[in-house]
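**Q** I'd like to ask you about the structure that follows.
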Amino acid sequence: MNEPLNKKALPKEEQAVLDRFLADNRLFLGPDPEIMRNHSLAPRTADEDAILKKGLDVHQVHHIRGLINAALSEAFQMVNQMGAAPGAKWGDLVTGIYTNSGDLAMIAPHGIIAFAACCFYPVKFIIKYWVNDPTVGVKDGDGFIHNDARYGGIHNTDQSMMMPLFYKGELICWLSSTIHEGENGACEPGGMPAAAESKYDEGIKMSPFKVVENFQIKRDLLTFLQNSVRDPKLQLEDMKVKLHAVMRLRERIVAILDQYGRDALVGTLRSHLEDVETEMRRRIRELPDGTTRVNAFMDSSLRENCIQKISLAITVKGDRMLMDFRGSAPQFLNRAVNTNIASFKAALCTGLLQNIWPDLPHTMAVLSPIEIISDRNSILDAEGEMPQAMSLMPLFKACVIWTIPMNKLNYSLPHRYSAVIAQQYDQAATFIYGGLTQHGDVTGNFCADINGMGQGARSDADGEHSVSPVFGFMADSGEHEINEEDTPIIRLGAQRLAKDRIGFGKYRGGMGYEQIATMRDSALWGFMTGCEGSLFSSAQGLFGGYSCPAYQLCKIKGINVFEVLRDHPKLIQEFDMIRLMNEQPIPGGKYTSQDMGMTFELCQEGEIYMICQGSGGGYGDVLERDPELVMKDLREDLMSHDIARDIYKVVYDEKTLLVDEQATQELRQAYRRERIARGKPFDAFCKEWVKPEPPAHLPYFGSWENSKEIYASTAGQRIKMDADKLQGAFMLNPKDLRITELESQVMSLRGQLEDCNKTRKPS
Amino acid sequence: MNVLITEYLRVNLDTENYECRRCGKVLVSARENYKRGLLVYDRDPREIHKPLLDTSKYERTYSPNPQWCRILEYYCPQCGTMMEVEYVPPGHPPLHDIELDIEALKLQWKDRPEVKEAPVGPPPPRRGHEHHGHKH
Chain A
298 MNEPLNKKAL
308 PKEEQAVLDR
318 FLADNRLFLG
328 PDPEIMRNHS
338 LAPRTADEDA
348 ILKKGLDVHQ
358 VHHIRGLINA
368 ALSEAFQMVN
378 QMGAAPGAKW
388 GDLVTGIYTN
398 SGDLAMIAPH
408 GIIAFAACCF
418 YPVKFIIKYW
428 VNDPTVGVKD
438 GDGFIHNDAR
448 YGGIHNTDQS
458 MMMPLFYKGE
468 LICWLSSTIH
478 EGENGACEPG
488 GMPAAAESKY
498 DEGIKMSPFK
508 VVENFQIKRD
518 LLTFLQNSVR
528 DPKLQLEDMK
538 VKLHAVMRLR
548 ERIVAILDQY
558 GRDALVGTLR
568 SHLEDVETEM
578 RRRIRELPDG
588 TTRVNAFMDS
598 SLRENCIQKI
608 SLAITVKGDR
618 MLMDFRGSAP
628 QFLNRAVNTN
638 IASFKAALCT
648 GLLQNIWPDL
658 PHTMAVLSPI
668 EIISDRNSIL
678 DAEGEMPQAM
688 SLMPLFKACV
698 IWTIPMNKLN
708 YSLPHRYSAV
718 IAQQYDQAAT
728 FIYGGLTQHG
738 DVTGNFCADI
748 NGMGQGARSD
758 ADGEHSVSPV
768 FGFMADSGEH
778 EINEEDTPII
788 RLGAQRLAKD
798 RIGFGKYRGG
808 MGYEQIATMR
818 DSALWGFMTG
828 CEGSLFSSAQ
838 GLFGGYSCPA
848 YQLCKIKGIN
858 VFEVLRDHPK
868 LIQEFDMIRL
878 MNEQPIPGGK
888 YTSQDMGMTF
898 ELCQEGEIYM
908 ICQGSGGGYG
918 DVLERDPELV
928 MKDLREDLMS
938 HDIARDIYKV
948 VYDEKTLLVD
958 EQATQELRQA
968 YRRERIARGK
978 PFDAFCKEWV
988 KPEPPAHLPY
998 FGSWENSKEI
1008 YASTAGQRIK
1018 MDADKLQGAF
1028 MLNPKDLRIT
1038 ELESQVMSLR
1048 GQLEDCNKTR
1058 KPS
Chain B
813 MNVLITEYLR
823 VNLDTENYEC
833 RRCGKVLVSA
843 RENYKRGLLV
853 YDRDPREIHK
863 PLLDTSKYER
873 TYSPNPQWCR
883 ILEYYCPQCG
893 TMMEVEYVPP
903 GHPPLHDIEL
913 DIEALKLQWK
923 DRPEVKEAPV
933 GPPPPRRGHE
943 HHGHKH
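Protein sequence lines correspond, in order, to chains A and B.
Heads up, the first sequence is in our numbering, so the first residue is 298 and it goes up one at a time.
Heads up, the second sequence is in our numbering, so the first residue is 813 and it goes up one at a time.
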């Protein structure tokens, strides 16, 4: 808010009265920047300081840590087994424990790190605003719910239950459980509306509030929440599941308190955090001083294609590490692919623990010593009214963006804490759905295939196929049978690896699988998909390895595959995306290949929608790939012969797959000479190649050469902004643009017709 | 003494130069952008990520769009090893991706023995797929 121009300084006492009045009468307790912008550990409390100074028995700390881990794991299993949300069944959930300052101390070993890392913001909000508020307060048996990512969270589909743990009347710590619930009453079903143009399109927006008293869910509030979403059964079931898992966790922690005393628990939680922070600083100190950089280019806002740059420079000096994201794209005012900086940091925490140092304890303390800089109002530090329902796009980048700059920093080390690995495929390649089920229920959610992303190649091995999502190594890709029992989705093809769609390299990326879906027995059903990477490859290779290809959404509309199969059982030889699209075996079908970002659209019975999970990036020069590994990929039908020959330059017999080693060596050597002949020295190349600004035909968002100048298109016009004065970009409605384009075509054709009529001689 | 920087790049601390790890070619001063010692080629992405769908039927075929995305391939000028690739929009300045403090590097390696072969780290953590009472 701007200061009034005629503002006069008040005398000190009056100012104090005014400040107190304003503090007591705040109009709205919105997301608090003091909480949301700080990812570092809180200072030791006097109590923690006294306990740690007295000294802890390290063996006992280790033992207590084991007991807490077991308790978190047990609560995780409860949610995993009992949760109703599809996400709960595949492991998109977590349980966590926080200090009484709200710092995330420990996470269930198989839990989604980012969920817990996000929860510490709402826990801190509750501590700051509700503990001493006479109308709210925090008592034993209370539970708080939350889903709005602006108060901490990945996106609004994730709902958390947070509970204070009191022991002998004293608040000792906080406990939480979070599930990706899916449905949340947004403008599109399934909880991740790419069509959201403002935060008010994102569905129910729960700031942290008390929904449990005396360990019981308040029915009036529950009813309000059920009334706000498309799936009231899910809302009820999973609130109960999370509450009871947290209550079990509470019992286990109380047992630890009974056995070892409150000082032992408080000391263990705090020392665990401090030990992790100390180890982080030691590891940073081991790295060479310097800066490494990477750019990522996202190619879609999920409503239109446009390039959004994410720029990262990691600088190490001694035990300091700085992540500088300045120069990245500005936020969109009316597109859902923004994220706030707190969510972005939670995803960074995940990426570090998943790809770089997975051996470290899973806690937010890993990020605590790292300084993070960003441009305010950029796509990863968005503020204000902007929507962020599809924040997954920048957040998934945050999960994988470490791999290239960190491997360039840590490759020199004499030892490794984890494998050197290229980027994992990082798109939410799954069907999001909604409508009426075959049982007559209204529903909206998404399929587990989001968890089938191909892993990046390693310095010593190919990447694993469809192994897990970027946000959780532990998550599973679910059971289609369960999905088909609950929803009218029928899988015509599933878990078939996407042949030829490979991140090539000395070691290749792990591949993704095809998903071919249709619907039957529903009066109203539809799908959406939320991926970019259809024009510009998403997962990057490492050290000379290629990235993954581009990926498309393919559709066959205007047909009913069930009737086709009933009448012509042998018409379709196999449900293979490429064959179906190229051979077009179903007559009368409308075959289209389009962007992987599709807002919700209706699917008639028997129409076919096809996408696939993607490949991780490759590692190293393709000419160094062992020819036998090339033959193995051929034997496993992962690749066609023309690609084997053309990319890997291997000479072999197609029938026997026997490699001619001598001829292969000669071919590869000749190809190296070709490279030398066609390559240009860097400086000479740059003189021709580098342009002063982005090409006019590209809708481009972000810096070009100078990270302090940011390009964007707003309301259809290209603008350039100072990075420290970013304004959100306003995007025109793609349908309006299309209507304008078609109207202009109609005008032009009409003109031609009139000209034609004028010149036409009467017969 | 050499310090390994990537699969294909090392810094010779005695001469302060970047060198190719495959053929030993001295590329450029380690205080410069190593790419200045390499050859570059602007590759049409359709040559690597070939169209899989019939281009007469479809515009989008699994190939990146060459109007949006180019592949810069970096080669050792002596042995032709592809040391790095960079996917960029047409005309985007190549990234200065590695910029090390050579004085600090020398100090750091003063007491470390030389590493000739890069160590291999443990694989990332995994959790098996569980269903119907069995795992795989």
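From the three backbone atoms N, C-alpha and C, an ideal C-beta is built for every residue, glycine too.
Does any residue of chain B have a CB that is nearer than 8 Å to the CB of residue 826/A?
**A** No, no contact with chain B.
**Q** Please report how far the alpha carbon of residue 353/A lies from the alpha carbon of residue 562/A, in whole angstroms.
**A** Straight-line Cα distance between these residues: approximately 10 Å.
**Q** When the Cα atoms are used, what is the spatial distance from residue 461/A to residue 630/A?
**A** For residue 461/A and residue 630/A, the distance between alpha carbons rounds to 37 Å.
**Q** Any heavy atom of the ligand ZN closer than 7 Å to the CB of residue 322/A?
**A** With respect to the ligand ZN, the structure shown offers nothing to examine, as it has no ligands at all.
**Q** Between residue 853/A and residue 884/A, what straight-line distance do the alpha-carbon atoms span, to the nearest angstrom?
**A** Whole-angstrom Cα-Cα distance: 10 Å.
**Q** What do you get for residue 446/A, buried or exposed, if any count of 16 or more other CB atoms within 10 angstroms of its CB means buried?
**A** With 16 or more Cβ atoms within 10 Å of its Cβ, residue 446/A is classed as buried.
**Q** Measuring only the C-alpha atoms, how far is residue 430/A from residue 399/A?
**A** The straight-line gap from Cα to Cα measures roughly 17 Å.
**Q** With H, G and I counted as helix, E and B as strand and the rest as coil, what does DSSP make of residue 717/A?
**A** Reduced to three states, the DSSP call for residue 717/A is coil.
**Q** So is residue 878/A in contact with chain B if we call contact Cβ pairs under 8 Å?
**A** True, the Cβ-Cβ gap to chain B drops below 8 Å.
**Q** With DSSP as the reference, label residue 471/A as helix, strand or coil.
**A** Note: residue 471/A maps to strand in three-state DSSP.
**Q** Rank 778/A, 818/A and 707/A by C-alpha distance to the C-alpha of residue 582/A and give the top, closest one.
**A** Checking every option, the nearest Cα to that of residue 582/A belongs to 707/A.
**Q** Going residue by residue through the stretch 377 to 458 of chain A, where are the continuous beta strand (DSSP E) segments of at least 3 residues, counting only ones entirely within it?
**A** DSSP runs (the beta strand (DSSP E)) wholly in the stretch 377 to 458 of chain A: 390 to 396, 401 to 404 and 440 to 443.
**Q** By the 10 Å Cβ neighbour count, where 16 or more other Cβ atoms means buried, how is residue 990/A classified, buried or exposed?
**A** Its Cβ having fewer than 16 others within 10 Å, residue 990/A is exposed.
**Q** Whose Cβ in chain B lies nearer than 8 Å to the Cβ of residue 837/A?
**A** Correct list: 899.
**Q** Terminal residues of the continuous alpha helix (DSSP H) containing residue 838/B?
**A** Run containing residue 838/B: none in the alpha helix (DSSP H); it sits in the beta strand (DSSP E), 838 to 841.
**Q** Excluding five sequence neighbours on each side, which residues of the same chain lie with their C-beta closer than 7 Å to the C-beta of residue 895/A?
**A** Cβ within range, chain order: 825, 826 and 850.
**Q** From residue 557/A to residue 365/A, what does the alpha carbon distance come to, in whole angstroms?
**A** Each residue's Cα considered, the two are about 12 Å apart.
**Q** With 8 Å set as the bound, which would you pick, yes or no: does the beta-carbon of residue 827/B sit closer than that to a beta-carbon of chain A?
**A** Closer than 8 Å: no.
**Q** For residue 1027/A, report the span of its alpha helix (DSSP H) as first-last.
**A** Looking at the DSSP string, residue 1027/A is not in any alpha helix (DSSP H), and its letter there is neither H nor E.
**Q** Alpha carbon to alpha carbon, how far is residue 981/A from residue 825/B? Give it in angstroms, no decimals.
**A** Looking at the two C-alpha atoms, the distance is approximately 28 Å.
**Q** Chain B partners of residue 832/A, CB-CB under 7 Å?
**A** Result: 876, 877, 880 and 881.
**Q** Under a CB-based cut-off of 8 Å, is residue 605/A close to chain B?
**A** Judged by the 8 Å Cβ criterion, residue 605/A is not in contact with chain B.
**Q** For a cutoff of 8 Å on Cβ pairs, would you count residue 913/B as touching chain A?
**A** Yes, because at least one Cβ of chain A sits closer than 8 Å to the Cβ of residue 913/B.
**Q** Whose Cβ in chain B lies nearer than 8 Å to the Cβ of residue 1070/A?
**A** Nothing can be reported for residue 1070/A: it is not among the residues displayed for chain A, which extend from 298 to 1060.
**Q** Less than 8 Å between the CB atoms is what I'm expecting for residue 291/A and residue 882/A, so what's the real figure, rounded?
**A** Here chain A has residues from 298 to 1060 only, and residue 291/A is not among them.
**Q** Between the alpha carbons of residue 939/A and residue 861/B, how many angstroms are there, rounded?
**A** Approximately 12 Å, taken between the alpha carbons.
**Q** For chain B, check one thing: does any of its Cβ atoms lie closer than 8 Å to the Cβ of residue 995/A?
**A** Taking Cβ atoms only, chain B reaches closer than 8 Å to residue 995/A, which makes this a yes.
**Q** Just to confirm, are residue 620/A and residue 605/A a CB contact at a threshold of 8 Å?
**A** Contact flag unset, no.
**Q** Would you say residue 950/B faces chain A, with C-beta separation under 8 Å as the test?
**A** This structure does not reach residue 950/B, given that chain B is present from 813 up to 948, and the question cannot be answered.
**Q** Who are the Cβ neighbours of residue 755/A in its own chain at under 8 Å, not counting the five residues just before and after it?
**A** Same-chain partners within the cutoff: 716, 717, 718, 719, 804 and 916.
**Q** Residue range of the beta strand (DSSP E) that residue 965/A falls in?
**A** Element bounds for residue 965/A: not the beta strand (DSSP E) but the alpha helix (DSSP H), 958 to 975.
**Q** For the stretch 901 to 934 of chain A, which segments carrying the alpha helix (DSSP H) assignment without a break, of at least 4 residues, lie completely within its bounds, in sequence order?
**A** Runs of the alpha helix (DSSP H) inside the stretch 901 to 934 of chain A: 924 to 932.
**Q** Just the chain B side, please: which residues come within less than 9 Å of residue 444/A by C-beta, in chain order?
**A** Residues of chain B passing the Cβ test: none, with the nearest at roughly 26 Å.
**Q** Does the separation of the CB atoms of residue 627/A and residue 674/A fall below 8 Å?
**A** Yes. Within cutoff.
**Q** Per DSSP, what are the beta-bridge partners of residue 668/A in this structure?
**A** BP columns for residue 668/A point to 619/A.
**Q** Which chain B residues sit within Cβ distance under 7 Å of residue 1095/A?
**A** Examination of residue 1095/A is not possible in this model, given that chain A is present from 298 through 1060 alone.
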